[in-house]
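Only one structure is covered here, and it is reproduced in the block below.
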Amino acid sequence: MKNKYSIFSLIKNAFSYHENWEKAWKDPEPKKEYEAIIVGGGGHGLATAYYLAKKHNMKNIAVVEKGWIGGGNTGRNTTIIRSNYLWDESAGLYDHALKIWEDLSQELNYNVMFSQRGVVNLAHNLQDVRDLKRRTHANRLNGIDAVYLNTAEVKKFCPIINTSQDIRYPVLGGTLQRRAGTARHDAVAWGYARGADEMGVDIIQNCEVKGIKRNGDTVEGIETTKGFIKAKKIGVVAAGHSSVIANMAGLKLPLESKPLQALVSEPVKPIIDTVVMSNAVHAYVSQSDKGELVIGAGTDDYISYSQKGSYDIVEGTLNAILELYPIFSRMRMLRQWGGIVDICPDASPIISKTSIKGLYFNCGWGTGGFKATPGSGDLFAHTIANDEPHKLNAAFNLNRFVSGDLVDEHGAAAVAH
Amino acid sequence: MFLINCPFCGEREQSEFKAGGEAHIERPKQPTELSDDEWAEFLFMRKNIKGVQFERWNHAHGCRKWFNIARDTSNDQIKAVYKMGQKPPVK
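Quick note, the sequences are listed as chains A and B, same order.
For the first sequence, our numbering gives the first residue as 1008, with consecutive numbering after it.
For the second sequence, our numbering gives the first residue as 55, with consecutive numbering after it.
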């Protein structure tokens, strides 16, 4: 049993200069065999292992990660959480996640700094207004909180927005989801890692998967840089590298991996206490607790695994940010980075069995996977443990690309993908 | 961010071009004969290679012509540029 984090443990450890904190997770060598192996130690993978151990009574689980946990897209996103998706399937999936987020810090005894500061999506033309109103109604029918704001209400909610009507993309209105917000991205990975480790999950870092061994149509295990590990069930949550792993198993996925960029400014005093996203000009901004503006840019349109994006994408985003927030004109940017996102043709994820028995994929989250982390882990664990999907992720199967029953969130999901 | 040597215009910035995805995906000769699986393969399934990939590009802000590129997607280095209809010059 791990020591509980609390104000008392903080005070106690202060007396020993914080040098005696217990390690949050072990660093074990892989065993020869596991009941289930999760490939990918990001938030989704660690959450999957956590829920497999907690809700499905599996005790012999490993998470293998080629780098360090949370070092991929979990550490590279803009930490926005919302569930205001248009289609019923997506609304069910993302709101399931949002409900888990609301109690996650308590459940994990780890402060994930979930902050329900609201997310605003702006409308810049008549079609945007119609689309956003339609989505607001769809959200409310699905029990998801959503309100439509006119220009004056947007200005009142976020006073620094330029609502002048003679700019290139004037603010005509917007939607607001008050339950939406942000969380501390690293803490999510660390909290799930600590929780999973406590239940006996082996978290194996610096262990890259080199091959997937199969016997006919059944998986037998994985070849890694730390040797062969046997398992009957393998769940792959490898984000941008999903196609690479699928290729090792002789599978092809409907994914394209592209660089997505984000950047942060120098830290300043609190200036924006919510999250504002704009679909049409593709810019979104929030402020971290350190005071940095966290700005999300778009994806490049070519496939790349280089974790670098093009400067013209950043330039376009900053042009849009400056038009909407002239107050930021003298801000300097501190860091810029890219992550590799795996995008499905319908911009919806895949949480699914495959044609190979015992091999499961959780991928295709594209530009918006962070918000779904707890829900994705929960539903993927259910899928792996029962060898069939939960009703909330049944629609997100691989077969939809054959049947044509797509969950087409492209352009519908309140952000450009 | 990289430079692309357009076979018609010469070397230009990547931002002048539009990526057209994986090259050499053949349009079905008999669309009416295709099964659902074959349609899925043609429409959606992609190799998405980490390494040298053959892909189509269009010089959208230049000559507006299509051509092919062999590019290493792990570091964005272009190995070869070749015209539509030609076979890839590198393995």
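C-beta atoms are modelled at their ideal positions from N, C-alpha and C, and glycine is treated no differently.
Out of the options, which one is the CA nearest neighbour of residue i?
| i | options | result |
| --- | --- | --- |
| residue 975 of chain A | A/1273, A/1281, A/1212, A/1077 | Because chain A here runs from 1008 to 1424, residue 975 of chain A falls outside it and cannot be looked at. |
| residue 81 of chain B | B/135, B/94, B/127 | B/94 |
| residue 1312 of chain A | B/104, B/134, B/65 | B/104 |
| residue 1430 of chain A | A/1200, A/1215, A/1214 | For residue 1430 of chain A there is no data in the structure shown, the boundaries of chain A being 1008 and 1424. |
| residue 1310 of chain A | B/114, B/67, B/76 | B/76 |
| residue 1198 of chain A | A/1113, A/1299, A/1270, A/1123 | A/1113 |
| residue 1427 of chain A | A/1047, A/1173, A/1184 | The requested residue 1427 of chain A is not part of the displayed model; chain A covers only 1008 to 1424. |
| residue 1077 of chain A | A/1308, A/1195, A/1010, A/1157 | A/1195 |
| residue 116 of chain B | B/59, B/57, B/101, B/71 | B/71 |
| residue 1373 of chain A | A/1080, A/1273, A/1222 | A/1080 |
| residue 1165 of chain A | A/1294, A/1211, A/1206, A/1140 | A/1294 |
| residue 1366 of chain A | A/1111, A/1117, A/1249, A/1026 | A/1249 |
| residue 90 of chain B | A/1119, A/1406, A/1417 | A/1406 |
| residue 1371 of chain A | A/1321, A/1241, A/1349 | A/1349 |
| residue 1400 of chain A | A/1368, A/1317, A/1411 | A/1368 |
| residue 98 of chain B | A/1412, A/1408, A/1416, A/1417 | A/1408 |
| residue 1297 of chain A | A/1307, A/1031, A/1271, A/1258 | A/1271 |
| residue 1145 of chain A | A/1132, A/1099, A/1118, A/1103 | A/1099 |
| residue 1242 of chain A | A/1226, A/1257, A/1233, A/1235 | A/1226 |
| residue 1062 of chain A | A/1041, A/1404, A/1416, A/1392 | A/1392 |
| residue 1065 of chain A | A/1395, A/1389, A/1396 | A/1389 |
| residue 1191 of chain A | A/1307, A/1118, A/1292 | A/1118 |
| residue 1244 of chain A | A/1074, A/1394, A/1047 | A/1047 |
Looking only at its own chain, which residues have a Cβ that is under 7 Å from the Cβ of residue i, when we skip the five neighbours before and after it?
| i | result |
| --- | --- |
| residue 1136 of chain A | 1130, 1179, 1180 |
| residue 1333 of chain A | 1169 |
| residue 127 of chain B | 103, 104, 105, 107 |
| residue 1158 of chain A | 1170, 1178, 1179, 1180 |
| residue 1351 of chain A | 1261, 1262, 1357, 1371, 1373 |
| residue 1427 of chain A | Outside the shown range of chain A (1008 to 1424) lies residue 1427 of chain A, about which nothing can therefore be said. |
| residue 133 of chain B | 106, 124, 125, 126, 144 |
Counting only beta-carbon separations shorter than 8 Å, does residue i have a partner in chain B?
| i | result |
| --- | --- |
| residue 1415 of chain A | no |
| residue 1319 of chain A | yes |
| residue 1208 of chain A | no |
| residue 1403 of chain A | no |
| residue 1012 of chain A | no |
| residue 1312 of chain A | yes |
| residue 1348 of chain A | no |
| residue 1244 of chain A | no |
| residue 1171 of chain A | no |
| residue 1408 of chain A | yes |
| residue 1251 of chain A | yes |
Taking 7 Å as the cut-off, is the CB of residue i close to at least one heavy atom of the ligand COA?
| i | result |
| --- | --- |
| residue 1187 of chain A | Among the components modelled here there is no ligand, and therefore nothing to report on the ligand COA. |
Residues in the same chain with beta-carbon distance under 6 Å from residue i, minus the five sequence neighbours each way, listed in chain order, please.
| i | result |
| --- | --- |
| residue 1402 of chain A | 1096, 1414 |
| residue 1202 of chain A | 1057, 1115 |
| residue 59 of chain B | 65, 135 |
| residue 1122 of chain A | 1188, 1189 |
| residue 1346 of chain A | 1080, 1083, 1267 |
Output needed for residue i: all residues of its chain with C-beta closer than 8 Å, excluding positions within five of it in sequence on either side, in chain order.
| i | result |
| --- | --- |
| residue 1218 of chain A | 1229, 1230, 1255 |
| residue 1139 of chain A | 1128, 1130, 1155, 1180, 1181, 1182, 1421 |
| residue 79 of chain B | 96 |
| residue 74 of chain B | 109, 110, 111, 112, 120 |
| residue 1011 of chain A | 1116 |
If we cut at 8 Å on Cβ distances, does residue i have a partner in chain A?
| i | result |
| --- | --- |
| residue 86 of chain B | no |
| residue 73 of chain B | yes |
| residue 68 of chain B | yes |
| residue 59 of chain B | no |
| residue 138 of chain B | no |
Report task. For the segment 95-125 of chain B, enumerate the residues whose C-beta is nearer than 9 Å to any C-beta of chain A, in chain order. Result -> 95, 97, 98, 99, 100, 101, 102, 103, 104, 105, 107, 109, 111, 125
**Report entry** Residues within the segment 1253-1264 of chain A neighbouring chain B, beta-carbon criterion of under 9 Å
**Finding:** 1253, 1254, 1259, 1260, 1261, 1262, 1263, 1264
Query raised in the report: Which residues, in chain order, does the segment 1352-1364 of chain A contribute to contact with chain B at a C-beta distance below 7 Å?
Result: 1352
Query raised in the report: Looking at C-beta atoms only, is the number of pairs between the segment 1082-1095 of chain A and the segment 1359-1377 of chain A that lie closer than 8 Å three or more?
Result: yes
Requested in this report: Report yes or no: do the segment 1049-1064 of chain A and the segment 1380-1399 of chain A share at least 3 C-beta pairs separated by less than 8 Å?
Outcome: yes
Requested in this report: Specify whether the segment 1258-1276 of chain A and the segment 1062-1069 of chain A touch according to this definition: at least 3 beta carbon pairs, one from each stretch, less than 8 Å apart.
Outcome: no
Query raised in the report: Quick one: any contact between the segment 1319-1333 of chain A and the segment 1284-1292 of chain A, if contact means 3 or more CB pairs under 8 Å?
Result: yes
Query - Interface residues of the segment 1278-1311 of chain A facing chain B [CB-CB below 9 Å] - result: 1307, 1308, 1309, 1310, 1311
Query - the segment 1027-1038 of chain A touching the segment 1359-1373 of chain A, judged by at least three CB pairs closer than 8 Å - result: no
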